Amino acid sequence: MHDKRRTSHPKRAWPSGVFLPGIAISVFAPLLLFSSTLFADDRDQRPLDTQAEFFESRIRPVLVEHCYECHSAESKIVRGGLQVDHRSAMHEGGDSGPLLVPGNPDGSLLIASLKHQSFEMPPDGKLADEVIADFVTWIERGAFDPRSDVRHGKLKPVDWEAAAEHWAFKKIANRVPPEYDEADSEQVKNPIDQFVLRKLRDSGFRPAPSAGKRTLIRRATFDLIGLPPTLDEVQNFLNDESPGAFDRVVERLLSSPQYGERWGRHWLDLVRYANTNGADENHSLPNAWRYRDWVIRKLNDDLPLDDFFVQQLAGDLLPVPDDEVAAGDLLTATGMLVIGPKMLAEQDKDKMIIDIVDEQIDTVSRTMLGLTVGCARCHDHKFDPVSAEDYYALAGIFYSTKTMAHKGHVSMWMERPLPSKEIHTQRLPFQARFDQEQAKLHRLRDLKGRDDQSFDASELKQQQKVVKELEQQMPPYQMVMAVEESEPTDLAVHIRGNHLTLGTDLVPRAMPKVLASVHAGESIGQTTSGRLELARWIASPENPLTARVMVNRVWMWHFGKALVRSPSNFGLQAEPPPHPELLDWLALELIRNRWSLKEMHRLIMRSATYQMDSQPIVEDEERDPDNRLWRRQNRRRLEAEPIRDAVLMAGGNLDLTPGNEADDKDSSRRAIYLKINRSALDEMFSAFDYVEPATHISQRPTTVTPQQALFMMNSPLVTEQAENLAKQLLQRGPLSSGVDDRELIQMAFARLYSRIPMESEVVRIQQFLATIEAQDEMGLKPADRRLRAWSALCRTFISANEFIYVE
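Just add 1217 to wherever you are in the sequence shown, counting from 1, and you've got the working numbering.
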């Protein structure tokens, strides 16, 4: 019979032509032939909300602030017949023709005008280069614009009553898992499967069978620690026929120190972690790594997620523990608020501060609440029930928080010393004199400020030198990027987001009204910023969003796609989840299990749904092409970091030393320890979709580009590790030892793919090796020709889809 379980991306069949015997182009022929099929069978999986978020945070605010006055329906005179306040007008243009050509910034009048190459827009001065670069990027990506096509008049205001009925803003319901028939008992391992199976049955689908053990251990190992399983780990799992064998694999992985490195990387994407400032000066952030290591350690410790959130928002405001390390950790956690990009050389310092507040609001609201609150900076949110007053109520909280140490010509971010009794004791002999000389310096500065006749400029200069030398002699504290309380301040609404144009009334610091109506939280007093109250409100089990948002992210990182497909936007524009009952049940399970992330892993990974095979059935794909009902697992492309780490592991060169900073980009440490330069991303990161390190990344996109294949073919990293792998295989299996090529091929497949090769693959590989080894145009010795052939083979193995995809 014809097998209906065909796959559109077979995991066993090797791409056609890969191992055809070569001639003159010899070693690289299989790589070139293979490149045409590399990564070519997966669609672009760019997150649904990425383009909308880019438009709302980077494009719309600029149009509102600089263009609407003369080019909108509200303008007294629409200059040049051009409106830019709705989508169709941006394409139609005005008297001078179309304003933009999607995909072609060089051919777009808008870019020429912004660069002052044709019209000079805005007329009162050219926008900053990085703002113009945002518009170039926007047009290159297709000029996505979610605004209305209505040409005249204002957008319909948000229906606040309807918004209050939005599923995501309602209290999390206590869902009961559906009942199931006895015939389905083998397909139900826990309540997750009950929810999924009911939807499948109601829609006329059947769930996929369980994946094989080799597939399961490779899937689980990459999911939890971001590395492939070792040969021994695979074999031990295959040999374990007792009940609970897979559960024991999961427990071993959750206990691994590499777990925090894998899942810490997911969190760092959300909070825009990097090691340089980006923006104008792109200064190094020498202590950013301490925050990254804090994230890794706390995830390894399974710090409850509610505490995880509170400590990052307000760790400095919690009771100080007696233990120095614990006290230092609470400071380090708040580095999340400091590590964002900043325009350090911005000379309008008030603008710099409110811009920092804006990116803090954007990061926190999207990461923890799944809301694009930042869109309300310039006006009431166009889609969601978030008013400008709501925005500035939150802005006051962050404005009352000190993120910058000073606002000099090139400003400096906040760093605070880690508590250390040892260093305090070492500093005591210096402290008395330092305090004395520091006081003298302050007196001289006071005299200068009062223009006192007794002031002497040279004495001030000398005293500054004395204080600096004493400071350098004192044993230094270790410093961390951290915030502290500033003067509590309520802000007025900034008209159109402009800090120079303020509303008449101050907005008291508070939580967004639509959510406060579900859970009010603590009121904010007059003597504090309100950060601790905000943190506790966000992490409260009564908050309708936080638990939903987090379990949705965990599901996404295990399945490749989320239940709510816009993981950082649960607002009114979000596509409703096909499994709302499952989402709520998971959210309450997270809360009931004391916000334990590791318990959520156990729950998901022990389900039959997680353990399903990923191979599609053709007829089912036609009816449910996006697998919205979870008929099967999803085939997933690895991100840049696990690809790089797996390449190093293949060559036996991965350094698993934890913590601190890697020396340089060529280090063999895990990728999470490499420095992330916001202005110059590593080539591999750029090729494999590590995007926008200056902003919140809700989900890594999965694109298919020729650059990815070319990188794998030409990368010195891949070449070196392929040769290392070849040498290791040949050392284990010289012909004199009785180990032939067939056994070496099996070793390579087991090491790289966790499987045994098919006979047809073995035959083609043997033919390839024989052809390459027979070539003697360079006069190489037989042993060298053999190494060359195996190196080319291993390089092709690493460049194959199967190496960088997880079934």
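In this text, a Cβ means the ideal position worked out from N, Cα and C, and glycines have one as well. Note that the structure is predicted; figures quoted are calculated from it, not measured.
Check, Outcome
"Sequence-distant residues of the same chain with beta carbon closer than 7 Å to Asp-1362, five excluded per side", "Phe-1272, Arg-1304 and Met-1307"
"Length of the line joining the Cα atoms of Ile-1570 and Leu-1969", "50 Å"
"Under the three-state DSSP convention, the category His-1623 falls into", "strand"
"Secondary structure of Ala-1967, DSSP reduced to three states", "helix"
"Endpoints, the alpha helix (DSSP H) within which Thr-1447 is located", "It is not in any alpha helix (DSSP H) - Thr-1447 carries neither H nor E in the DSSP assignment."
"Contact under 9 Å by Cβ, Ala-1727 with Leu-1719", "no"
"Alpha-carbon to alpha-carbon, Phe-2014 and Glu-1704", "60 Å"
"Extent of the continuous alpha helix (DSSP H) to which His-1483 belongs", "1475–1487"
"Cβ neighbours of Leu-1299 in the same chain (closer than 8 Å, five flanking residues each side left out)", "His-1288, Ala-1306, Gly-1310, Gly-1311, Asp-1312, Ser-1313 and Leu-1316"
"Inter-stretch contact (C-beta, 8 Å, three-pair minimum) for the segment 1557–1577 and the segment 1610–1621", "yes"
"Span separating the alpha-carbon of Pro-1395 from that of Ala-1437", "27 Å"
"C-beta contact flag for Ser-1785 and Thr-1589 at 9 Å", "yes"
"Segment contact, 8 Å Cβ cut-off, at least three pairs: the segment 1734–1750 with the segment 1593–1606", "no"
"Straight-line gap, Met-1773 to Pro-1910 (C-alpha atoms, nearest Å)", "20 Å"
"Extent of the continuous alpha helix (DSSP H) to which Glu-1357 belongs", "1346–1357"
"Sequence-distant residues of its chain with Cβ nearer than 6 Å to Val-2023 (five each side left out)", "Arg-1436, Phe-1439 and Arg-1853"
"Test item: CB-CB of Arg-1389 and Arg-1765 under 9 Å", "This sequence places Ile at residue 1389; Arg is not what is there. Taking 9 Å as the Cβ cut-off, Ile-1389 and Arg-1765 qualify as a contacting pair."
"As assigned by DSSP and simplified to three states, the class of Trp-1812", "coil"
"Contact belief for Trp-1812 with Leu-1522 at Cβ below 8 Å, rounded distance in angstroms", "4 Å"
"Simplified DSSP state of Arg-1854, which is helix, strand or coil", "strand"
"Cα-Cα separation between Leu-1516 and Lys-1998, rounded to whole angstroms", "52 Å"
"Supposed contact pair Gly-1545 and Ile-1513 - C-beta distance, whole angstroms, cut 8 Å", "Contact flag wrong, Cβ pair sits at about 15 Å."
"Element boundaries [beta strand (DSSP E), containing Leu-1708]", "1708–1711"
"Contact under 9 Å by Cβ, Lys-1678 with Ser-1628", "no"
"Neighbour-count burial assignment, Asp-2001, 16 or more Cβ in a 10 Å radius", "exposed"
"Contact with chain D by Leu-1522, beta-carbon distance below 9 Å", "Here there is only one protein chain, and chain D is not present."
"Asp-1220, DSSP secondary structure in three states", "Because Asp-1220 carries a pLDDT of 36, less than 50, the predicted location of this residue cannot be relied on, and no value is offered for it."
"Delimiting residues of the alpha helix (DSSP H) encompassing Val-1555", "Run containing Val-1555: none; DSSP gives neither H nor E here."
"Reduced DSSP secondary structure (H/G/I, E/B, other) of Val-1413", "helix"
"Alpha-carbon spacing of Arg-1782 relative to Pro-1794, whole angstroms", "7 Å"
"Span of the alpha helix (DSSP H), counted from its first residue to its last, around Thr-1721", "Here Thr-1721 belongs to no alpha helix (DSSP H); instead the beta strand (DSSP E) covers 1719–1724."
"Gln-1832 burial status per 10 Å Cβ neighbour count (16 or more: buried)", "buried"
"Asp-1410, buried or exposed, once every other Cβ within 10 Å from all chains shown has been counted against 16", "buried"
"Three-way DSSP call (helix, strand, coil) for Glu-1759 in this model", "coil"
"Limits of the unbroken beta strand (DSSP E) element including Glu-1632", "1632–1634"
"Local Cβ density within 10 Å of Gln-1690, reported as buried at 16 or more and exposed below that", "exposed"
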